[in-house]
Amino acid sequence: MREGGLNRAEETHKKSRQGEIMGTATDNYMFSKEKETMPRNQLAELQLERLKKTLEHAYRNVSHFKAKFDEAGVRPEDLNSLSDLSRFPFTVKNDLRDAYPFGMFAVPRKDVVRIHASSGTTGKPTVVGYTSHDIDMWAYLMARTLASAGARPGDILHNAYGYGLFTGGLGAHYGAERLGCSVVPMSGGNTERQIVLIKDFGARVLCATPSYALNIAEVAEKEGVDLRKGDLKVGVFGAEPWSEEMRREVEERLGIQAIDIYGLSEIMGPGVAAECPEKAGLHGWEDHFLFEVIDPETGAPLPYGEQGELVITTLTKQALPMIRYRTRDITKLTDEKCGCGRTHVRILRVTGRNDDMLIIRGVNVYPSQIEAVLVGRPHVSPHYQLVVQREGSMDTLTVEIEAESGVGPESYDGIGKDVQHHIKSLIGVSCRVAVMSPGDIPRSQGKAVRVRDLRKK
Ligand code: DLL
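So for the sequence shown, the numbering used here puts the first residue at 1; every next one is plus one.
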């Protein structure tokens with residue numbers, strides 16, 4: 001297997017393969033301890049070299065980037081250090097929509113071997129393309145991601161991320177094959193059958209959204225199948241915000257280690273960043289991406305440790321190079337040493353997206369904060385939806401929760417008051433709480449719908 005775009009700085013680090021670091025596997029894909037533990041100054045050198053090439057490639061081959069750079073009065077050759085990148089303009093989702101479908105591609109269309117697209121529920125879909133080299137790189141980085149999560153060559157890997165235009169299914173699939181796993185390409189849905197196959201095939205690794213993993217756990221319990229007694233050991237979960245509390249819940253109900261992975265289609269798909277067994281933030285693969293956090297209001301870059309919007313620049317993509325892509329995801333970066341030995345920057349758990357933030361009576365709240373309060377409260381199941389309405393000039397929030405099975409309706413009032421009180425005291429937001437019967441909240445088969453916004457209707 002090759003990793004495209006290797007250069008001298010990296011070649012020197014590629015030579016030997018020694019030892020193990022936590023959460024790595026060394027067979028069958030070009031894992032190298034040297035890349036993931038590269039000293040930060042060498043990583044920066046590699047990034048600068050690749051960034052220069054990427055800026056040049058984007059400027060020469062994508063009219064959007066040429067126009068934007070010209071407008072901002074910058075040229076690729078103006079970049080002499082990584083910090084010079086802050087002089088270059090941001091890219092936003094609308095730029096991709098405006099260029100629909102293929103206007104942002106930096107290579108002739110015939111060189112694009114794969115196309116994915118967003119569902120387009122909130123506008124025109126965003127379309128992303130890959131050369132065969134990009135696909136190869138993605139498989140390699142996803143193999144690295146899976147290895148970091150604890151998957152091993154030879155594992156049965158049950159892939160319940162959706163296959164199709166969504167990048168989750170095929171992204172995880174190619175990575176798992178590259179790592180040397182036996183992949184079960186299940187996709188989402190048909191939950192009873194998923195459970196039979198997880199059990200009968202002896203899956204060790206489950207790839208799914210965290211909300212779908214919870215759905216699987218719940219259906220297995222209903223069917224009387226105790227997945228904790230089987231071979232399942234590792235959950236590779238991502239594609240949506242989830243809380244530490246939800247992690248504990250799913251770990252306990254499935255008897256696994258649940259690992260957070262991050263990615264987005266505009267940048268590549270899954271495999272942009274992954275936790276290691278330390279579970280202390282997601283290592284962003286800095287040999288292929290450059291991560292910044294900015295103040296979402298002013299656009300100014302923020303130092304490590306400060307919370308803001310994650311901005312990503314690709315360093316090795318051919319078909320769709322992205323310069324300073326504003327992800328809308330809210331997080332912090334840290335370059336503090338990680339116990340696993342990796343040196344790549346860590347992206348702390350993404351608590352939510354700018355677009356998902358609700359402002360209720362002046363208080364900013366993300367669905368994952370409400371989740372953290374709900375999960376583990378007595379008599380409450382971990383399924384929920386937030387309903388936002390406008391009354392007069394005020395936005396109001398109703399938190400729909402579900403009572404655990406076996407709890408009678410006479411207790412609903414008390415449960416509702418308890419949850420309302422805890423949301424108010426822990427998050428500071430006043431809300432109504434509607435307690436529903438078991439099974440009333442829709443179950444997720446992929447990305448969970450956490451908010452029903454009735455203001456727009
Ligand atoms: O969700 C890619 C993916 C697939 C990642 C499978 C991980 C696993 P998109 O559909 O383009 O791509 O959605 C990207 O999902 O900007 C975040 O808002 C959110 N997201 C993805 N991973 C996480 C995570 C895939 N671990 C958008 N935590 C991103 C929180 C996440 N949010």
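Even for Gly, the Cβ is constructed at its ideal location relative to N, Cα and C.
In the DSSP assignment, D395 is bridged to R390.
Here L302 is actually not in contact with I347; their C-beta atoms are around 13 angstroms apart, not less than 8 angstroms.
Within 10 angstroms of the beta-carbon of M268 lie 16 or more other beta-carbons, which makes it buried. Look at D260: its beta carbon is less than 7 angstroms from one of the heavy atoms in the ligand DLL. Spatial neighbours of D155 in its own chain (CB-CB distance under 6 angstroms, excluding positions within 5 residues in sequence) are listed in chain order as C181, R204, V205. Counting the other Cβ atoms within 10 Å of the Cβ of E266 gives 16 or more, which makes it buried. The three-state reading of DSSP puts H64 in helix, counting H, G and I together. Here A217 really is in contact with R253; their C-beta atoms are around 4 angstroms apart, less than 8 angstroms. Secondary structure at T298: coil, using DSSP grouped into helix, strand and coil. Contact check between the stretch 310–324 and the stretch 388–402: fewer than three CB pairs, one atom from each, fall below 8 angstroms, which does not count as touching. Cβ-Cβ distances below 8 angstroms link N215 to T191, R443, S444, Q445 in the same chain, with the five nearest sequence neighbours on each side left out; the list follows chain order. In the three-state reduction of the DSSP assignment, F237 falls in the strand class, which pools E and B. Assignment of beta-bridge partners to A117 by DSSP yields V127. With at least 16 other beta carbons inside 10 angstroms of its own, L315 counts as buried. In the DSSP assignment, Y174 falls within the unbroken alpha helix (DSSP H) covering 167–179. If you draw a straight line from the Cα of K124 to the Cα of F90, it comes to about 20 angstroms. Inclusion of T327 in the 7 angstroms shell around the ligand DLL follows from its C-beta lying nearer than that to a non-hydrogen atom of the ligand. Given a length threshold of 3 residues, each whole run of the beta strand (DSSP E) inside the stretch 288–336 is given here in chain order: 289–294, 308–314, 325–331.
Straight across, the Cα-Cα distance linking W285 with Q257 is about 22 angstroms. Between L232 and I198, the alpha-carbon positions lie close to 8 angstroms from each other.
Here F102 is exposed, its C-beta having fewer than 16 other C-beta atoms within 10 Å. For the 8 angstroms CB-CB criterion, L48 and P76 do not form a contact.
For T298, the number of other beta carbons within 10 angstroms of its own is below 16, and it is reported as exposed.
In the DSSP assignment, S132 falls within the unbroken alpha helix (DSSP H) covering 132–149. Contact check for V350 against T331 passes: the beta carbons are separated by less than 8 angstroms. Between S118 and T131 a beta carbon distance of about 20 angstroms is seen, past the 8 angstroms cut, so the two are scored as non-contacting. Distance from the C-beta of V375 to the nearest heavy atom of the ligand DLL is not below 7 angstroms. G238 and P277 do not touch by the CB rule: their CB atoms are close to 16 angstroms apart, not below 8 angstroms. Just measuring C-alpha positions, the residue of I312, I370, Q318 sitting nearest E400 is I370.
Per DSSP, reduced to three states, the secondary structure at N159 is strand. The ligand DLL approaches F166 closely enough that one of its heavy atoms is under 7 angstroms from the residue's Cβ. In the pairwise beta carbon analysis, the stretch 375–386 is classified as touching the stretch 399–418: at least three pairs are separated by under 8 angstroms. Straight-line measurement puts the Cα of L179 at about 19 angstroms from the Cα of D287. When C-alpha distances from K222 are compared across S243, G439, K424, R87, the shortest belongs to G439. For A160, the Cβ stays outside the 7 angstroms cut-off from all heavy atoms of the ligand DLL.
Shown here for V112: same chain residues with a beta carbon closer than 7 angstroms to its own, the five before and five after excluded, namely F105, G129, Y130, T131, A319 in chain order.
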